[in-house]
Amino acid sequence: MAEAAVSYVAERLIDLFQRKIVFLKNVRRGVEEVRNELVRMKCFLKDADMKQEEDEAATIRNWVSEIRAVAYHAEDVIEIFIHQVESQKRQSFFIKCVFYPKKLYGLYKVGKEIESIQTRILEISNSRERYGIRHIQGLGDGEGSSTTREKMHELRRSSPLVANKDTVGLEKHVNSVVSILLKEDKWLRVASIVGMGGVGKTTLAKEVYNQTQIRDMFDTRAWLYVSQDYKPMKIIKELILQLASPEEDKVKIVDTMDKLSEAGLEEMLQRCLEDTCYLIVLDDIWTTEAWDLIVMSFPDNGKSSRLLLTSRSKEVALHADAHTTLYEHKVLSEEESWELFLKKAVAEDREFPHDLVGVGKEILEKCDGLPLAITVIGGLLAGKKKQRSEWQRVQRNLDLHLVRSQTYGVSGILALSYKDLPPHLKSCFLYLGLLQKGKDILVRQLMHIWIAHGLIHQNGEQKLEDIVEDYLDDLIGRNMLQVIQVRADDRVKSCRLHDLLRDFCIMQAKEEMFLEVDNPSISLSESRHHVLYSPLERYEYLGNSKSYIRSLLSFDSSAKVVNLNCICTSSFKLLKVLYIDSPGLNVISDSIGKLCSLKYLGIRWNTHIKKLPHSISSLQNLETIDMPMSGYYSVEVPNVLWKLENLRHLLGYINSPSLLKIDLPKNLQTLGSIPVHHWMHHENLTRMTNLQKIGLLIESANNLDMDQLCDSLAELESLQSLCLELTNSLQISLVAGLPKLSHVVKLKLKGDLASIPVHPCLFPPNLCQLTLVNSKLHPDSIQVLEKLTNLSVLKLVKAFDRYDQQDDSITISENGFRGLKFFRMDQLMSMQEMKLGKGALAGLKCLQIFKCYSLRRLPEELISLTNLEKLEIREMPEAFIAKLQVSDLHKLRHIPNIVVGHPSKDYEEWIQELERENIIRKIRSNAQVIRAAYLFKPLAEGSTSDNAD
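According to our numbering, the residues represented by the sequence shown are 485 to 1433, in order.
Written out as C-alpha cells, the structure reads:
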C-alpha cells in the first residue's frame, strides 16, 4: 500500500516549502519536481497494489517498495538539511560566518541528492511497463483483472438460500430489523444494517430475509450482492432475472436484456416492480456513488416497499435514507462468543473437554467478539486433536491463522476496509498501531500526535483540530474505530481499535517500513516509528549513526530507572513524537534540548516527573506538552515558555518558583492549569489571540481581585473554556465579573463557593456548559441554575453539602432547564428525592446518575421526558438497581438506550462513614448539653439557696 506513503510524503514536501521557504529557495525547483513526480506516480500505485495480490506479485512488490523507499528518502534529505540550517541559526554571528562555507556545501550536497532522487524516480517510473502496471484512476466501474480480487469476490458472494445453522444471539437483532421493515409507511423506505467487517451483517440480513413475517408482507423479494467491484448494469440484469416467474424463459430474458440500453434496462426493471410490494436486499454496499447509481431503478409505488442494505459505512446508510433508523450490529458478548466457539470447535454430540476451557477462552479473547474470527478459529480447532498441547500450538500461532492469511482469511476481510480508505486516512489509520494495546484511545492525545506528524493538512480557514475530528468521524463511520466515550456535546472523547484490526494495522505498517513494536533486533534505519514495552537502553550504543526515527513511544513498566540520555542524541535529530509512560522515569535531563525536531512531548500518569529542564527552550518546533491534568501531578516549569513560539497546547498542572512569562506564545490555544498569580501579573495578555482554553488555580484569596481577573480574561476574544479551581479549603465568591466573559461558553468551578447569586445574569451571558465540583451549595441553588437559558450541559459533582439533611430533595421548577440536553448528577450524597415540575427538562437527551447513594427512586415525571435518548446509571446501591426492574420499570419503557453499571462497591463504606459521622455528632451534641448543664449548675444551686433563705 505505497499509495498512502507517497501521498503523505508529497503533502509533507508542500508543508516544508510553505514553512521553510527561505532555507529551500535554492533547491526549490528540484524538490518541486520530486513532489510532482511522486504525485504522478500515485496514478499507477492502485493498479500495483492490486497486482501485489496475484501470483506474480514478487516483482511488483519490489517495484512498490522502491517507490516507497525513494519517497521516504526524499523526505529525509529535506528534513536533515532543514535541521542543519536551523542548528546554525541558533549560533552566534561569528560562528555563522565561520560555518557559512559549510552551509553552502550543505546546500550543494542536498541539491545533488535531490538530483539523484529525481533520476531514481524516473528509472522506477520507466520500469513499470515491464511489470504491466498501467494508469488507473479508480475501480468503481468494475474494471481490473486481479485474479485474487475475483476469487475474493466469488468467495464472499452472498445468497439468502445458504442457511447458517451456527448462529448465536441473533433473535433480538432479527426482531429489531424486522420491526424497522414492517413500520407502517406506504412510501419506499430504506433500512440499514451497519457494522465492521466480519461482524455478521450478511448473516443477520439472511435471517431477516427468510422470516415468515417478511415473506407474508412482501409480494416480491430479491437479494443482490453489490461489493466494491459493482457494475450497475450487471446488478440490474441479475435482479430482473430473480424477479422473473419460474414459467418465463430465462434465455429469452437474457437475449432481450442484451439488446437494451442502460435506460431500457432501468425501464424494464421498473415495470417488474411497479405494481408489487417488494423487498430488495443490497448486501455489502460500500459507497454513496454505488447507491445513487443503483437506487434510481427502484420505483416508489406507494405500496410499502422496502430496501434493506448492509454496509460498513454509516455515511452510506444515512445517505440512503436520512429519516430511517439504521441498525448497528455489534460484536458478540463474552457469553455469546463462547457459545459460538463451542458450536464451531466441538461436534454437537460430544462434550467439551474440561481441561481445554482455559486455553479455549484465551484463544477466544484474541477474537474479541468478532464472529468471523471465532468461526475461523473454531473451524480450525474442530479438525485438531482435543489435546491441550495441540490447542496451545494453535494459540502460539494465532496471528498466522487470523492476520497473515491475507487473501481469504480474517485479514483479507479486514483489508477490504483499509483498501477503501482515501490515502490521507490510510496514513492516519496506520498511526493507530503506535498506541498502547488494550487501552482506550484518547481523542485529544491522538489529535496532537496526528498533527505533530504532519498528517493533517490545512484546509482553508478550517482549524487543524477540527480537521482531525472530521478524519476521526470518517473512520468511525466506516466502523474501523469503535466509540467508547462521548463528551456531553456529543463529540467523541475516547475510542477503541478492535484487537484484530490493530494486528492488521501493525502488520501493514511494518510492511510500509513504518512501524516496529518492541523488536530489539530491528535496524533503526529501517523503521520510522518505534513502540517499546522493554527498556530504552537498546538505543544506548547507537552513538551518532544515522537514524530516521520520527516517533518513540515507551510503555516499559519493568524498569526501575529510565534514563532518556540514551535517546537525547543527534541520532534522534528527526524525532517528532516522544511519549513516555513508565514508572522508572523520574527525571528529564537537559539533554532533551538536543531533540530539536520534537513537536509532541507526552509524559503520562505512570511517570514521576517533578520538573522540566531549562533546555526545553531549545525545542523551537515543540507544539504540545502533554502532562496529566490532575492536581496530584504538579510539574515545575522553568520560565522559558515564552521562547516556544510554536507551542499550541500546554497540558498539566503547572507551578514555578518564579513568575512565569506566558503572554508571548501567540499560537498557544490550551493552557492546562496555572496558579492565578502567574496570570495576574501580566499586563499585555491581548497578544494571546489564539488562547481558547485555560485553567486557573486559586491557592490564596489574599489580594485577589475577581473583577480585575475577569477583566483580563475578557480581553481574550478566542477564549471559550474556563476552569477556576480553589485549593486549601478556600471559600470565595467567584461570580463577580463573570458576565464580562461574553466569549466563554464552557465554565468549570471547582471548590467551595460562598453562594450562588439569586439572579442568573451574573454568569457569562453565552454560557452553554457548566460544571460544579465540590461546591458545597444549598440544593435550592438549582432554581437559579435552571434559569440559564442557553445552558445545554450541566454537571453537578459533589455540588451540594452532603450533611444537610433538612433539604433532602432537589426540585426543578415548572419549565426549568427547558434547553438542557445533558444532565449529570454525581455524588450528590444527600439527595433522597428528585422532583420535576411540569415541562421541566423538556429537551433533555441524556441523564446520568452516578453514586447518588441516598436517592430512593427515579422521579415519576421521567415518563414525560419524551426526548430522553439515554439514561446512564452507575455505581448505585443494589436496592436502587433492583427497583429499576420492578417499581421503576414503567418509567423507562420510552428510553431507547439504558446503561446500568455494576452496583457500587463503596456504598457500604459510605454508610459506615455516615454512621460514624452521626455518632460523632451525637457525642458532640451530648457533650454540649452536659457542658451547658455543668455551666448552669452553679446558677441553679444559687437560685435554690436564695429560695431557701
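By construction, the Cβ of each residue, glycine as well, lies at the ideal position given by its N, Cα and C atoms.
Check whether residue i and residue j have beta carbons under 8 Å apart
i	j	result
W707	D767	yes
L1222	F1247	yes
I1093	L1125	no
L956	Q712	no
I1333	M1360	yes
A1324	E1298	yes
Q1311	V1281	yes
V1119	L1096	yes
Q1253	H1227	no
F1439	L1339	This structure gives no information on residue 1439, because the portion of the chain shown stretches from 485 to 1433.
F1056	L1079	yes
L981	D1002	no
V678	H813	yes
G844	W875	yes
L1200	M1164	no
C979	I940	no
Length of the line joining the Cα atoms of residue i and residue j
i	j	result
Q1369	L1342	12 Å
A804	N1381	24 Å
I698	S676	16 Å
R1377	L1058	58 Å
S821	A857	10 Å
T740	Y693	29 Å
Y1337	K921	35 Å
T631	V658	In this prediction, T631 scores a pLDDT of 48, lower than 50, which makes its location untrustworthy; no coordinate-derived value is stated.
D1285	H1262	7 Å
A689	I1072	57 Å
L916	K718	38 Å
M1313	G1179	27 Å
L1269	C1194	20 Å
L1237	L1231	14 Å
I605	E597	12 Å
V927	V952	9 Å
S1101	T1108	13 Å
L865	L824	13 Å
G622	P906	Low per-residue confidence applies at G622: pLDDT is 42, beneath 50, and the placement is therefore not dependable, though the value from the model is reported in the following sentence. The alpha-carbon atoms of G622 and P906 are separated by roughly 11 Å.
K1329	L723	42 Å
R545	N610	16 Å
Span of the alpha helix (DSSP H), counted from its first residue to its last, around residue i
i	result
H932	927-936
C912	907-914
I990	983-995
T740	734-743
W1089	No alpha helix (DSSP H) holds W1089; DSSP gives it neither H nor E.
A675	From DSSP, A675 is part of no alpha helix (DSSP H) but of the beta strand (DSSP E) over 673-678.
L1328	From DSSP, L1328 is part of no alpha helix (DSSP H); its letter is neither H nor E.
T772	772-779
M1318	Not the alpha helix (DSSP H): M1318 falls in the beta strand (DSSP E), residues 1317-1320.
T686	685-693
Where the beta strand (DSSP E) containing residue i begins and where it ends
i	result
F1307	1306-1310
D767	762-767
H1133	1133-1139
N1381	1381-1384
8 Å contact criterion, which residue i and residue j should meet: CB distance rounded
i	j	result
D852	L984	6 Å
L909	G682	With 8 Å as the limit, L909 and G682 do not qualify as a contact, their Cβ atoms being about 20 Å apart.
H1162	L1144	5 Å
A1458	V594	In the structure displayed, the chain extends from 485 to 1433; residue 1458 sits before or after that span and is not available.
K1177	T1211	Not quite, the Cβ-Cβ distance comes to about 20 Å (not below 8 Å), so this is no contact.
K1060	S1075	Not quite, the Cβ-Cβ distance comes to about 17 Å (not below 8 Å), so this is no contact.
Y714	A801	Not quite, the Cβ-Cβ distance comes to about 17 Å (not below 8 Å), so this is no contact.
S1011	E1000	4 Å
N1123	S1140	6 Å
Residue i: CB within 7 Å of a non-hydrogen atom of the ligand ATP
i	result
I1100	Absence of the ligand ATP from the depicted structure is noted, as is the absence of any ligand whatsoever, leaving it without description.
Query - Segment contact flag, the segment 1030-1043 with the segment 1053-1069, C-beta cutoff 8 Å, min 3 pairs - result: The segment 1030-1043, when compared against the segment 1053-1069, does touch it at the 8 Å Cβ threshold.
Query - At least 3 beta-carbon pairs within less than 8 Å: the segment 987-994 vs the segment 934-941 - result: In this structure the segment 987-994 does not touch the segment 934-941; the number of beta carbon pairs closer than 8 Å is below three.
Report task. Check whether the segment 833-849 touches the segment 961-978, counting contact only when three or more Cβ pairs, one atom from each stretch, lie closer than 8 Å. Result -> No: fewer than three Cβ pairs fall under 8 Å.
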